[in-house]
Amino acid sequence: MSSSLQLPKNVEDALLQSDPSTSRRNFLKSSGALILTVGANTIFGSKVRAQSMDSGPFTDPDFLELDTWIVIHPDNTASFFVGKTDGGQGTGTAFRQMMCDELDIAYDKTDLVMGSTDTTPDQGGSGGSDGVERDGWPMRRVAAEARRVLLRLASEHLSIPVTDLTANNAVISSKSDALKSVTYAELIGGRTFDVSLKGENVNATTGEANVKSVSELNVIGQSIQRYDIPAKVDGSLTWAVDVKLPGMVHARNIRPTLAGATLGSIDESSVSDTPGFIRIVSRGNYVAVVCEREEQAIIAARLLKVDWQAPSESAFPASENLFDYMRNAAIAANSVSDVTGEPDSALGAAEQVIEAEYQVPFQGHTAIGPAHALADPSDGQMTIYSNDMKSYGLRRGVAKFLSIPEEQVRVVYMDGPQVYGRTAADDAGFEAAFLANELGRPVRIQWMRDEETAWDTKGPAYTFKLRGGLDAQGKVVALDYAARSADFNHLGYNQADTVLIAQLMGIRPAKPAEGRAVTPSIKYSIPNQRMTADVVSLPLIWETPLRTGNLRDPNGPQVTFAFESFIDELASAANADPVQFRLDLLSASDEDDLLRKARSIATLNAAAERFGWDTRPSPKPSTSELDSPVVTGRGLGYTYRNGTVVALIAEVEVNRTTGHVWVKRMVCGHDCGLVINPAGLSHTVECGILHGVSRALWEEVQFDTEKVKSVDWVSYPSLRHSDTPESIEIVQVNGDPNPNRDDLPHYGAGEASHKPVIAAVANAIFDATGIRLRQPPFRKERVLEALQTKT
Amino acid sequence: MSVVTLRVNGATHEVDIDPSTPLLYILRNDLDFRGPRFGCGLGQCGACTVLVDGAALRSCTIPASQVSGEITTLEGLSQNGTLDPLQQAWIDEQVPQCGYCQNGQIMTAKALLDQNPSPTGAEIRLGMEGALCRCMSYYRIQAAIKRVVEGRVTASDTVATDPGEEV
Chain A
8 MSSSLQLPKN
18 VEDALLQSDP
28 STSRRNFLKS
38 SGALILTVGA
48 NTIFGSKVRA
58 QSMDSGPFTD
68 PDFLELDTWI
78 VIHPDNTASF
88 FVGKTDGGQG
98 TGTAFRQMMC
108 DELDIAYDKT
118 DLVMGSTDTT
128 PDQGGSGGSD
138 GVERDGWPMR
148 RVAAEARRVL
158 LRLASEHLSI
168 PVTDLTANNA
178 VISSKSDALK
188 SVTYAELIGG
198 RTFDVSLKGE
208 NVNATTGEAN
218 VKSVSELNVI
228 GQSIQRYDIP
238 AKVDGSLTWA
248 VDVKLPGMVH
258 ARNIRPTLAG
268 ATLGSIDESS
278 VSDTPGFIRI
288 VSRGNYVAVV
298 CEREEQAIIA
308 ARLLKVDWQA
318 PSESAFPASE
328 NLFDYMRNAA
338 IAANSVSDVT
348 GEPDSALGAA
358 EQVIEAEYQV
368 PFQGHTAIGP
378 AHALADPSDG
388 QMTIYSNDMK
398 SYGLRRGVAK
408 FLSIPEEQVR
418 VVYMDGPQVY
428 GRTAADDAGF
438 EAAFLANELG
448 RPVRIQWMRD
458 EETAWDTKGP
468 AYTFKLRGGL
478 DAQGKVVALD
488 YAARSADFNH
498 LGYNQADTVL
508 IAQLMGIRPA
518 KPAEGRAVTP
528 SIKYSIPNQR
538 MTADVVSLPL
548 IWETPLRTGN
558 LRDPNGPQVT
568 FAFESFIDEL
578 ASAANADPVQ
588 FRLDLLSASD
598 EDDLLRKARS
608 IATLNAAAER
618 FGWDTRPSPK
628 PSTSELDSPV
638 VTGRGLGYTY
648 RNGTVVALIA
658 EVEVNRTTGH
668 VWVKRMVCGH
678 DCGLVINPAG
688 LSHTVECGIL
698 HGVSRALWEE
708 VQFDTEKVKS
718 VDWVSYPSLR
728 HSDTPESIEI
738 VQVNGDPNPN
748 RDDLPHYGAG
758 EASHKPVIAA
768 VANAIFDATG
778 IRLRQPPFRK
788 ERVLEALQTK
798 T
Chain B
837 MSVVTLRVNG
847 ATHEVDIDPS
857 TPLLYILRND
867 LDFRGPRFGC
877 GLGQCGACTV
887 LVDGAALRSC
897 TIPASQVSGE
907 ITTLEGLSQN
917 GTLDPLQQAW
927 IDEQVPQCGY
937 CQNGQIMTAK
947 ALLDQNPSPT
957 GAEIRLGMEG
967 ALCRCMSYYR
977 IQAAIKRVVE
987 GRVTASDTVA
997 TDPGEEV
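Respectively, the protein sequence lines represent chains A and B.
Residues 8 to 798 (the working numbering) make up the first sequence, in order.
Residues 837 to 1003 (the working numbering) make up the second sequence, in order.
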């Protein structure tokens, strides 16, 4: 152990209680992971934590070794090691359930270690809601393989054929004589499996064993409480923001006051006498100040006099002119153009043609806790304590950025504020590592609120133009969808040449990333379609606070807002009920990958039934509410995301006097296949919906031509307690035509419910008022203006 | 620099510090409390909330030297290893997603219920209005507070393995 390395408190406590002389420690060290068994009652309600104690080099845990994934302890408990991270969606609990089921061990006899680059196999961390969908499979397969190996060992131990043995809760016994039994610990506790796995990549990792069929699973499907919650409510959890190391100092960044400005000069004398001042570190346009204490660094960063040279051209149009700019800009990249049938002639022959334009502003992550990391350069290595959701990428990126071998870098993943794509490009991790390397001391950095809100990665703004043709029977015969996104130079994952510090230092990749503009993931039966999507660029593409990155379900809320609003407009023009209109469009569709058609229809019907949907066209006939300032309405948003189906119904109250919109009730039909943890799923779906409500009602990045003006919770408002719905009901649907099949797959749930929210809310406002709002957020001023324009 | 005396969770601490230092940094960096966290430094989000003589206070903006009362942090809510009913309700309802803001949610709720043990739904919304959550766990937070108000909290010496009612 490095003498200068002070581990997080929970690990430190574990160390003190462990016996350093045990051989178990040595064998685990040799297999790449040090396991510390501590008293049975730790803060996590679990008994094992893991941390490499070596001072490097930090080699990759080999995903083709069973011992990398699973350790059986002498007390007949087990630890699982997975290369994922959990941003609070309960995936860690779900992974444990999946592995427990395959291993045949009780949930409370296990522990799970996630996402630290030197102790867990590289599964890439988190992103794309594919943890349960994709990464859960190798976890299930390796646990099944461990069970197979244990059965073989038990067969030798008991002299009973494997076919006559059964495994239950970490004990293997004879099917005919339960007294003939042996525990997993007796077979292998404290020793290694020494079993090799196969697979071309980590996702394909497998042993010889097959996973269980659905009917054999019993831990999967239970609403087990999340293991991480108790320590999050009693204050005992050590977060990435809590780690302290001897000799640690504190840094704060100083950002250009104008987007695209270049550094003129720094007046060091403006801070050199401030208490605790250590050093100003600057390279290119990157500037940071380092002090002994955190509050000293905050003060010094405020006081530091920096002369910034304004750029010769405006960085971007002001936010109020953004959409005009985007509509008139030259196409920068990535045109998508898919044509089915003859959309132009079909539109020309249509009985009715409906046209509408929509737009969605830039929206931010604005994490509740600004970006942060602690980097320790002790012993010539670089250890970063971080909540990076893609910790393995941070390791590779930092090694490249600092020009040091990857083996000298490790990332210790710890809990942090919400991720949702923000820490996939972990600016603070790079900054801490750079500063620690410069100072030769552990450096902790955290961004300030104005910096986080203005400079974090943004979800791209979009404009849309849609045209649809209806025949005399109200059937959709043609659709023309044209989208533009301001997503040029979309940020990569922890790339050494695109994170903010690299950009500010003038480091550039060969060419900017083209970004994406996308078409809907929804597949309705429309015979003639043109679907186009193009990327446009703002004037400033490097060192800009309007840099785009992945924000929860990237592009999905924007595209689904426009598309599902327009489908609602078509339904209204056809004088059709919005649910039935979509059911008709789905029923006639040829698209059926992953059985999406039957599952979509089942999910729509389930949501409508739970809501008590009355079949009628929108808007609602204004009768009973004529004299009331408050009118109510309901709206539907349907979507499909990588195998998961969502039908979301919003009920809103609109105050016609104030313009205030309250989403009063949400009913969500949700089919993600096999459900691992029903209560955990509902919670994640619920919070994904509310995040969407916040984007529908409140969120918009505002800027003038020189800088982002959204810098705090007043200038970037977010959903609050007062606007929380009165009721949220999640209806878990299994719409598979063969719902009890033994190979029912599990799909993701972290983002799908977030996708249709803005559309559902907009459609409900239309139902209530007859007003079609085509640009979120639906703040009261905008709603009131639309209401007054109508009357 | 001067010696500032703070009473936190029943213990007295003396810290030699610039007296204008916001309380948050002393609690976190000198006294090793992990409940209060930096969110905005502006008193806008609530992540740094502590109780001072029972009232919720934003520790990120108040100078330590101006705090003379008894400070309670999230760590100080549990007594003799038994969680405060609010904390247990937070587990019963499985409130947090990431959990970073939950210190502010729980401490704000504690001050609210100490002042008004039977708030209506509207009073809960109003009382909690200043505590922001970006994972949007608001619905669960309000359910957990109602659970305490209505006396439906699991006995806190047992941790349920089944959350019971599925939402």
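Glycine included, C-beta positions come from ideal geometry on N, C-alpha and C.
Asked	Found
Please name the residue, chosen from A:508, A:501, A:744, that lies closest to residue 610 (chain A) on a Cα-to-Cα basis.	A:744
Which residue from B:890, B:904, B:910, B:905 puts its Cα closest to that of residue 884 (chain B)?	B:910
Taking the beta strand (DSSP E) that residue 619 (chain A) falls in, what are its first and last residues?	Element bounds for residue 619 (chain A): n/a, residue is neither H nor E.
Could you pull out every unbroken beta strand (DSSP E) segment of at least 3 residues lying fully inside the segment 101-136 of chain A, listed in chain order?	117-121
Going by DSSP, name the residue or residues bridged to residue 92 (chain A).	Answer is none; residue 92 (chain A) lacks a bridge partner.
I'd like the span of the beta strand (DSSP E) that includes residue 753 (chain A), first residue to last.	Taken as a continuous stretch (DSSP letters only), residue 753 (chain A) belongs to no beta strand (DSSP E), as it is neither H nor E.
Would you check if the distance between the CB atom of residue 753 (chain A) and the CB atom of residue 197 (chain A) is smaller than 9 Å?	no
Within its chain, find whatever has a CB closer than 6 Å to the CB of residue 98 (chain A); leave out the 5 residues flanking it on each side and keep chain order.	138
Where does residue 239 (chain A) sit, in a helix, a strand or coil, going by DSSP?	helix
With respect to the alpha helix (DSSP H) encompassing residue 643 (chain A), which residues constitute its N-terminal and C-terminal limits?	Counting along the chain, residue 643 (chain A) falls outside any alpha helix (DSSP H), though it belongs to the beta strand (DSSP E) covering 637-648.
Taking the alpha carbon of residue 573 (chain A) as the reference point, which residue from A:622, A:780, A:662 has its own alpha carbon closest?	A:780
Let me confirm a value: residue 797 (chain A) is counted as buried when at least 16 other C-beta atoms fall within 10 Å, else exposed. Which label applies?	exposed
Given 8 Å as the limit, is there contact between the segment 437-449 of chain A and the segment 376-385 of chain A, that is, 3 or more CB pairs closer than that?	yes
Where in the segment 292-357 of chain A do unbroken runs of the beta strand (DSSP E), each at least 3 residues long, occur, reported from the N-terminal end onward?	293-298, 312-316, 338-347
Ignore the nearest five residues each way along the sequence and tell me which others in residue 678 (chain A)'s own chain have a CB closer than 6 Å to its CB.	606, 610, 652, 740, 742
If contacts are defined as beta-carbon pairs under 8 Å, then residue 216 (chain A) and residue 155 (chain A) qualify, I think. What distance do you get, rounded to the angstrom?	4 Å
Against residue 239 (chain A), what residues of chain B qualify as contacts under a CB-to-CB distance less than 7 Å, listed in chain order?	932, 935, 938
On a Cα-Cα basis, can you pick out the residue from A:539, A:320, A:133 that is closest to residue 3 (chain A)?	Residue 3 (chain A) lies beyond the range of chain A shown here (8 to 798); nothing can be said about it.
Between the beta-carbon of residue 575 (chain A) and the beta-carbon of residue 561 (chain A), is there less than 9 Å?	no
Please list, in chain order, the residues of the segment 343-367 of chain A that have any C-beta partner in chain B closer than 7 Å.	none
DSSP has residue 842 (chain B) in a bridge; who is on the other side?	B:849
Name the residues in the segment 872-893 of chain B whose C-beta lies less than 7 Å from a C-beta of chain A; which are they?	873, 874, 875, 876, 877, 878, 880, 881, 883
Check whether chain B comes within 9 Å of residue 5 (chain A), counting only Cβ atoms and requiring the distance to be less than that.	In the structure displayed, chain A extends from 8 to 798; residue 5 (chain A) sits before or after that span and is not available.
Three or more beta-carbon pairs under 8 Å between the segment 710-730 of chain A and the segment 448-467 of chain A, yes or no?	yes
Excluding the 5 residues flanking residue 164 (chain A) on each side, which residues of the same chain have their C-beta closer than 6 Å to its C-beta?	189
Quick check on residue 465 (chain A): does DSSP put it in helix, strand or coil?	strand
Could you please tell me which residues of the segment 268-291 of chain A, in chain order, have their CB closer than 8 Å to any CB of chain B?	282
Can you list the residues of chain B that residue 248 (chain A) reaches, using a CB-CB cut of under 9 Å?	864, 870, 873, 874, 936
Counting only C-beta atoms, is residue 423 (chain A) closer than 9 Å to chain B at any point?	yes
Using the three-state DSSP reduction, which class does residue 893 (chain B) fall into: helix, strand or coil?	strand
If I measure Cβ to Cβ from residue 332 (chain A) and keep anything under 7 Å in the same chain, skipping five residues before and after, which residues do I get?	324
Tell whether a beta-carbon distance below 9 Å holds between residue 353 (chain A) and residue 527 (chain A).	no
With a threshold of 8 Å, are at least 3 pairs of Cβ atoms found where one atom belongs to the segment 302-317 of chain A and the other to the segment 503-519 of chain A?	no
On the CB-based measure, 16 or more other CB atoms within 10 Å of its CB, does residue 859 (chain B) come out buried or exposed?	buried
So, using beta-carbon positions, are residue 119 (chain A) and residue 89 (chain A) closer together than 9 Å?	yes
Below 7 Å on C-beta distance, what does residue 907 (chain B) contact in chain A?	Residues of chain A passing the Cβ test: none, with the nearest at roughly 13 Å.
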